[in-house]
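See structure below.
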Amino acid sequence: MKRFTLPFTCLALCAANVYAEDPEAPTPIPEPASADQSFWTQEYLTGDWGGVRTELADYGVSFEFTNILDYYDDISGALSGGGTVFNRVRGTMNLDLDKLIGFTNAKFSVGGVSQFGSNYNRSHFGVLTNPSSIEGVNTTRFAQIWLEQTLFDNMLTYRIGKVDGVGAFGAQPYGGTFMNDELAYIPNLLFAAGLPFDPAQQLGAIITLRPFEDSQLEGTYVKAGVFNTNNNNAINFDNIGTDFNTDGPVAVAGEIGYNFGATPADMPGYVKAGIHHNFGSFVEVNSPNTSQGNTLFYVNVGKTIYKFDEDGERHLDASLSFSYAPKQNVNVYHYEMTALLRAIGPFASRPFDEAGLGFIAAWLTDDYSNSTPTTGTDPSGNEFTVELTYKARLTPWFTLQPDFQVVVNPNGNGSRSPVYIAGIRNVISF
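Numbered per mature numbering (1 follows the signal peptide of the UniProt record, and there is no 0), the sequence shown spans residues -20 to -1, 1 to 410.
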């Protein structure tokens, strides 16, 4: 969903990653550029800036600039045919405050996005799922602005500022391989409580406790968050991301989880369960009435299930998620399940490529399904999506990703034929 048009197609020809960012992942520090690095082997398109980039990182200042360009089109089954392009540019500055000013184990992050294109999932494809993880409104705005610090020998971490609520409570850790937003980021059901999302972060605070460090239960954590939902519309009432109001309503979230396996060779995995709740009012699906509050639940498990090599750097991961919205009168989704397989380094000759197969099953609420006959459709009460994708890392700074998706019972309409969607994504790291 961002702006800037660059000659990406030309770059792709010359060279021939929503992304889903883990909110808890540490900020990568650029490696020093070696003397024998060429244009095609350097980490970033713009290189090390004559050594300045590495020197800044040594002082605790790092920059990330990426461009994601998606093109996708229906093969058949869409409400109206035609392809579309969506582009997102993101820039982020990360400060290691420990290095800069001696603020122990603290960091500050500020970033912005510019995105543009056509939002086709509803208007042309006529599906509920989101085939692109970057598609959305056209906007140029600040995204995250937050301070984070870890205390007490890694037992407590707090993050405060304009934060990504749903990303911290529900993101799929293995999702970065995929293009579909429900696999790359979070299932659509989990947007319904109005938590702030990327790139429309809002004021909030997240606290993570790890009470069993250096014990047999190391890897266990408890996490809680409180957020301003900006009148349940994170974008429209904060056009450029500089509004720090506390208008509410307030939303809260909690999660308990366990991460195991310290290295790829250990075949690591995770299990987590959480809850979202918004204390505000929500318009009912089938009437102009409002209902107070909305609560959502989710469970997500994942694990490396096979190692292609002894050290586990090339491996196969699997994950399964289930989410539930009890209140049918204010929600489109009642239950949702996702399942995915992803291979890191599927071929020995391509150790940095990724391949993925994902499945999304959405069971719609009775209130939403029962409303469809008024428009002459045949309610099926569900929508199913399958994605097959391959992300080729052609250089350290450029990936090209062909993608195929099929949506069955699009928009919960059993009378429609499946929608077949082909797409391609390129990601450039500057």
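The C-beta atom is built at its ideal place from N, Cα and C for all residues, glycine as well.
- Message: At the level of alpha carbons, what is the spacing between Glu115 and Phe66?
- Response: 6 Å
- Query: Beta-carbon separation of Ser261 and Leu170 under 8 Å?
  - Reply: no
- Task: Pick helix, strand or coil for Thr345, following the three-state DSSP scheme.
- Result: coil
- Item | Beta bridge counterpart(s) of Thr375 as assigned by DSSP | Phe378
- Message: I'd like to know whether the C-beta of Asn67 is nearer than 8 Å to at least one C-beta of chain C.
- Response: Included in the structure is just one protein chain, with no chain C present.
- With 16 other CB atoms within 10 Å as the buried threshold, where does Pro167 fall? buried
- Message: If you reduce the DSSP assignment to three classes, tell me which class Val146 lands in.
- Response: helix
- Item | Three-state class that DSSP yields for Gln387 in the structure shown | The sequence as given places Val at residue 387; Gln does not occur at that position. It is a strand residue.
- Query: Just to confirm, are residue 421 and Gly106 a CB contact at a threshold of 8 Å?
  - Reply: A question about residue 421 goes unanswered here, because the residues of the chain that appear run from -20 up to 410.
- Find the nearest neighbour of Tyr154 within the set Leu321, Ile340, Gly292 and Pro331, judged by alpha-carbon distance. Leu321
- Under the three-state reduction of DSSP, which class applies to Val29: helix, strand or coil? Correcting the residue type first, residue 29 is Trp in the shown sequence and not Val. Correct three-state label for Trp29: helix.
- Task: Report all residues from its chain with a CB closer than 6 Å to the CB of Asn266; omit the five preceding and five following residues, and keep chain order.
- Result: Asp347 and Ser351
- Query: Sorted by chain position, which residues of the same chain lie with C-beta nearer than 6 Å to Thr7's C-beta, five sequence neighbours on each side aside?
  - Reply: Low local confidence applies: a pLDDT of 39 at Thr7 is under 50, so the model's placement there is unreliable, with the coordinate-based value given in what follows. Answer for Thr7: Asn74, listed in chain order.
- Rounded to a whole number of angstroms, what is the C-alpha to C-alpha distance between Ile401 and Gln385? 5 Å
- Item | For Leu380 and Arg373, the rounded distance between their alpha carbons | 7 Å
- Query: If you draw a straight line from the C-alpha of Val146 to the C-alpha of Asp38, how long is it?
  - Reply: 32 Å
- By DSSP, does Leu59 sit in helix, in strand, or in coil? coil
- Task: Inspect the beta-carbon positions of Asn258 and Gly234 and report whether they are closer than 8 Å.
- Result: no
- Hey, would you say Thr21 sits closer than 8 Å to Phe410, going by beta carbons? no
- Chain-order list of residues whose beta-carbon lies under 6 Å from that of Ser397 (same chain, five-residue window excluded): Gly57
- Query: Could you give the residue range of the beta strand (DSSP E) that holds Tyr165?
  - Reply: That residue, Tyr165, is in no beta strand (DSSP E); it is neither H nor E in DSSP.
- Sort Gly205, Phe207, Val206 and Thr188 by Cα distance to Gly199 and report the nearest one. Thr188
- Query: In its own chain, which residues sit with a C-beta less than 7 Å from the C-beta of Tyr286, not counting the 5 before and 5 after it?
  - Reply: His295 and Leu296
- Message: Under DSSP, the alpha helix (DSSP H) around Asn101 begins and ends at which residues?
- Response: Tyr100 to Ser103
- Message: Taking only three categories from DSSP, how would you classify Ser261?
- Response: strand
- Query: Does the beta-carbon distance from Ala323 to Phe339 come in below 8 Å?
  - Reply: no
- Simplified DSSP assignment, three categories, for Phe171: helix
- When the Cα atoms are used, what is the spatial distance from residue 411 to Asp76? With the chain represented from -20 up to 410, any question about residue 411 goes unanswered, as that position is not in the structure.
- Cα-Cα separation, Thr34 to Ala335: 31 Å
- Query: Using the rule of at least 16 other Cβ atoms within 10 Å of the residue's Cβ for burial, across every protein chain shown, is Trp29 buried or exposed?
  - Reply: exposed
- Which whole-angstrom value describes the C-beta separation of Ala305 and Ala172, a residue pair presumed to lie in contact below a C-beta threshold of 8 Å? 6 Å
- Query: Going by alpha carbons, who is nearest to Lys79 out of His104, Arg102, Ser60 and Ser42?
  - Reply: Ser42
- Query: Alpha carbon to alpha carbon, how far is Tyr52 from Asn393?
  - Reply: 22 Å
- For Met135, which beta-bridge partners are listed by DSSP? In DSSP, Met135 forms no bridge with anything.
- Query: Is it buried or exposed for Ile48, if we count other Cβ within 10 angstroms and need 16 for buried?
  - Reply: buried
- Return yes when the Cβ of Gly174 is within less than 8 Å of the Cβ of Gly205, no when it is not. no
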